[in-house]
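Colleague:
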Amino acid sequence: MTSCSTPPEKELTFKDAFKDQFVVGVALNTNQVAGHDPKAIELTKKHFNSIVAENCMKMANIHPREDHFFWEEADAFVEFGEANNMHIVGHTLVWHSQAGDWIFVDEEGQDVSRDVLIERMRHHIQTVVSRYKGRVKGWDVVNETILDDGSWRQSKWVEIIGPEFVQMAFEFAREADPEAELYYNDYSVSTPAKRDGIYYMVKDLIDKGVKIDAVGLQGHLTLPSPTVDEMEQAILKLASLGVKTMITELDITVLPWPSEQVTAEISLNYELEEKYNPYPNGISEEANAALMDKYRDFFEMFLRNSEHITRVTFWGVNDSQSWRNNWPIRGRMDYPLLFDRDYHAKPAVADILQMTQNK
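Each residue of the sequence shown is one higher than the one before, counting from 1 in the UniProt record's numbering.
(1) Rounded to whole angstroms, what's the CA-CA distance from residue 204 to residue 163? Just pull it up for me.
(2) Residue ranges of each alpha helix (DSSP H) run of no fewer than 4 residues wholly in the region 226-298, ordered along the chain?
(3) Would residue 339 pass as a contact of residue 43 if the rule is Cβ separation under 8 Å?
(4) Within 8 Å, do at least three Cβ pairs link the region 298-311 to the region 27-36?
(5) Using C-beta distances below 8 Å, list every residue in its chain close to residue 241, excluding the 5 sequence neighbours before and after it, in chain order.
(6) Using only CA atoms, which one of 16, 183, 40 and 22 lies nearest to residue 316?
(7) Is the beta carbon of residue 129 sitting closer than 8 Å to the one on residue 180?
(8) Using a threshold of 8 Å, state whether the C-beta atoms of residue 88 and residue 78 are closer than that.
(9) Mind reading off the beta-carbon distance from residue 302 to residue 247? Whole number of angstroms is fine, and I expect it under 8 Å.
(10) Would you mind stating whether residue 172 and residue 126 have Cβ atoms separated by less than 8 Å?
(11) Straight-line CA distance for residue 278 to residue 229?
(12) Would you kindly work out how many angstroms separate the C-alpha atoms of residue 134 and residue 14, rounded to a whole number?
(13) To which residues of the same chain is residue 348 closer than 6 Å at the C-beta, ignoring the five residues directly before and after it?
(14) Using alpha carbons as the reference points, say which of 154, 189, 213 and 209 lies closest to residue 233.
(15) On the three-state DSSP scale, how would you describe residue 30?
(16) Mind checking who residue 217 pairs with in its DSSP beta bridge?
(17) In whole angstroms, give me the CA-to-CA distance for residue 243 and residue 195.
(18) Return the CA-CA distance between residue 112 and residue 106, expressed in angstroms with no decimal places.
(19) What does a CB cutoff of less than 6 Å around residue 90 pick up in its chain, not counting 5 residues either side in sequence?
(20) Count the other CB atoms, across all protein chains shown, that sit within 10 Å of the CB of residue 361; report buried if there are 16 or more and exposed otherwise.
(21) Is it the case that the Cβ atoms of residue 150 and residue 83 are separated by a distance below 8 Å?
(22) Taking all protein chains shown into account, do 16 or more other C-beta atoms lie within 10 angstroms of the C-beta of residue 2, making it buried, or fewer, making it exposed?
(23) Can you give me the C-alpha to C-alpha distance between residue 97 and residue 356, rounded to a whole angstrom?
(24) Can you list, in chain order, the residues of its chain whose CB lies under 6 Å from that of residue 287, leaving out five sequence neighbours each side?
(25) From which residue to which residue does the alpha helix (DSSP H) around residue 78 run?
(26) Should residue 216 be labelled buried (16 or more other beta-carbon atoms within 10 Å of its own) or exposed?
(27) May I have a chain-ordered list of the alpha helix (DSSP H) segments no shorter than 4 residues that lie completely inside the region 110-163?
(28) Identify the continuous alpha helix (DSSP H) that holds residue 345 and give its terminal residues.
(29) Just curious, the beta strand (DSSP E) that residue 369 is in, first and last residue?
(30) Between 213, 298 and 155, which has its C-alpha nearest residue 185's C-alpha?
As structure tokens, then:
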């Protein structure tokens, strides 16, 4: 006689728990894709069904000179996603930062003409998108062109072309791959003035017949802000336009903010001071509890609004490789993700995954 035993329950993962709500993704860096961080890749394959390129698809990386594209790292990223049947996101086609030193200037270092910059933008977008046509599911077409007060960022894109560069960028991307999803992506979208500025920009694009599938709300959060309600109101307002929303670049810093302006502006850079690095040897129980509570509260809200959300993406696999350790102050020790430096799930993970089973 043989004894019957109950097979062990399959461990719940993010991609399985939320399979009926939205895809759950993570940003990967080139070292991870190249196999130099096998534990991160193991965790990625286990938990996530979407990936976004942290840096290798940004213009300065993939198109460092006008006459030269560097494909090796981006090709490897896309091939990794395909090999693991993942929803692949290209990040980002047009951004004021990491744009490449060459794109805005002529041989004398003077601003190029409007027509020249439009052609350079078209060539960049269509070359990149065409290479990955049918392989990359969606693109962050334009990144961060609305300021916190709702006005247009006076970047070189706006100064030389004008605000209509956004419409052109989306149209160029659509021409290159009509089936790809096209996104606008920005931080601090929960700030009412910025939320409204993005809302009216997207509404104008839709009214003009421009294809825009979703707005990415970057989730670079702090413990105090934004609140769940503030983020939820932004999701609902943008969804009222008939577009989907995505929570992109999700992480929550536990460290003190060094200025009155809470933002994700990448150019910020402050000096390291001890008071801004309170947990160099490990996070306190109190701070970790607050972090876990915030993650739980936000995922409850994401689940509640899953009809409007197509993707939630963490900006990094685990605490050790998060950009938060070096921005906006280099050399700090932060704990912003849901997997610690030893690749172990933090306490909130089990609770978040269980939420989907109780729905």
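Ideal Cβ placement from N, Cα and C applies to all residues, glycine included. Since the model is a prediction, treat every value here as computed from it, not as a measurement.
Modeller: Taking the definition as stated:
(1) Residue mapping note: residue 204 aligns to position 204 of the sequence shown, counting from 1. Residue mapping note: residue 163 aligns to position 163 of the sequence shown, counting from 1. Each residue's alpha carbon lies about 11 Å from the other.
(2) Secondary structure in the region 226-298: the alpha helix (DSSP H) runs of 4 residues or longer, each lying completely within the stretch, are 228-239 in chain order.
(3) Position 339 of the sequence shown holds residue 339. Position 43 of the sequence shown holds residue 43. Taking 8 Å as the Cβ cut-off, residue 339 and residue 43 qualify as a contacting pair.
(4) With the cut-off at 8 Å, the region 27-36 and the region 298-311 do not touch.
(5) Position 241 of the sequence shown holds residue 241. Closer than 8 Å at the Cβ level, and outside the excluded window around residue 241, lie 199, 202, 203 and 206.
(6) If you number the sequence shown from 1, residue 316 lands on position 316. It is 40 whose Cα lies nearest to the Cα of residue 316.
(7) Within the sequence shown, residue 129 is the residue found at index 129, counting from 1. Within the sequence shown, residue 180 is the residue found at index 180, counting from 1. Taking a C-beta distance under 8 Å as the contact criterion, residue 129 and residue 180 qualify as a contact pair.
(8) Start at 1 with the first residue of the sequence shown, and residue 88 comes out as number 88. Start at 1 with the first residue of the sequence shown, and residue 78 comes out as number 78. A contact, by the Cβ cut-off of 8 Å.
(9) If you number the sequence shown from 1, residue 302 lands on position 302. If you number the sequence shown from 1, residue 247 lands on position 247. Their Cβ separation, rounded to whole angstroms, is 6 Å, which keeps residue 302 and residue 247 in contact under 8 Å.
(10) Here residue 172 refers to the residue found at position 172 when the sequence shown is read from its first residue. Here residue 126 refers to the residue found at position 126 when the sequence shown is read from its first residue. Cβ atoms of residue 172 and residue 126: closer than 8 Å.
(11) In the sequence shown, the residue the question calls residue 278 occupies position 278. In the sequence shown, the residue the question calls residue 229 occupies position 229. Residue 278 and residue 229 have their C-alpha atoms spaced approximately 28 Å apart.
(12) Reading the sequence shown from its first residue, position 134 is the one you call residue 134. Reading the sequence shown from its first residue, position 14 is the one you call residue 14. Inter-residue distance for residue 134 and residue 14 is about 25 Å (C-alpha atoms, whole angstroms).
(13) Taking the first residue of the sequence shown as 1, we reach residue 348 at position 348. Taken in chain order, the residues that qualify are 292, 295 and 296.
(14) Numbered from its first residue, the sequence shown carries residue 233 at position 233. 189 is the residue among 154, 189, 213 and 209 whose C-alpha sits nearest the C-alpha of residue 233.
(15) Within the sequence shown, residue 30 is the residue found at index 30, counting from 1. Note: residue 30 maps to helix in three-state DSSP.
(16) One-based indexing of the sequence shown puts residue 217 at position 217. DSSP lists 186 and 247 as the bridge partner or partners of residue 217.
(17) As a position in the sequence shown, residue 243 is number 243, starting the count at 1. As a position in the sequence shown, residue 195 is number 195, starting the count at 1. So the alpha carbons of these two residues sit roughly 14 Å apart.
(18) For the purposes of this step, residue 112 is taken as the residue at position 112 of the sequence shown. For the purposes of this step, residue 106 is taken as the residue at position 106 of the sequence shown. Answer to the nearest angstrom: the Cα atoms are 6 Å apart.
(19) One-based indexing of the sequence shown puts residue 90 at position 90. If we look at residue 90 and ignore the five residues flanking it on each side, its Cβ neighbours are 57, 136 and 139.
(20) Here the chain covers residues 1 to 359 and nothing more, so residue 361 does not appear.
(21) Locating residue 150 in the sequence shown gives position 150, counting from the first residue. Locating residue 83 in the sequence shown gives position 83, counting from the first residue. No, Cβ-Cβ distance for residue 150 and residue 83 is not below 8 Å.
(22) Here residue 2 is taken as the residue at index 2 of the sequence shown, counted from 1. Below a pLDDT of 50, predicted positions are generally treated as unreliable, and residue 2, at 48, falls in that range; no measurement from the model is reported.
(23) Locating residue 97 in the sequence shown gives position 97, where the first residue counts as 1. Locating residue 356 in the sequence shown gives position 356, where the first residue counts as 1. Computed Cα separation, rounded: 38 Å.
(24) The residue given as residue 287 occupies position 287 in the sequence shown. The residues 254, in chain order, have a CB closer than 6 Å to that of residue 287 in the same chain once the five nearest residues on each side in sequence are set aside.
(25) Counting from 1 along the sequence shown, the entry for residue 78 is found at position 78. Its alpha helix (DSSP H) spans residues 72-83.
(26) Within the sequence shown, numbered from 1, the residue matching residue 216 stands at position 216. By the 16-neighbour rule on beta-carbons within 10 angstroms, residue 216 is buried.
(27) Within the region 110-163, the complete alpha helix (DSSP H) segments of 4 residues or longer fall at 114-131, listed in chain order.
(28) Looking up residue 345 in the sequence shown gives position 345. Run containing residue 345: none; DSSP gives neither H nor E here.
(29) Summary: the structure shown does not reach residue 369, with the chain confined to residues 1 through 359, and so no result is reported for it.
(30) Within the sequence shown, residue 185 is the residue found at index 185, counting from 1. Nearest of 213, 298 and 155 to residue 185, Cα basis: 213.
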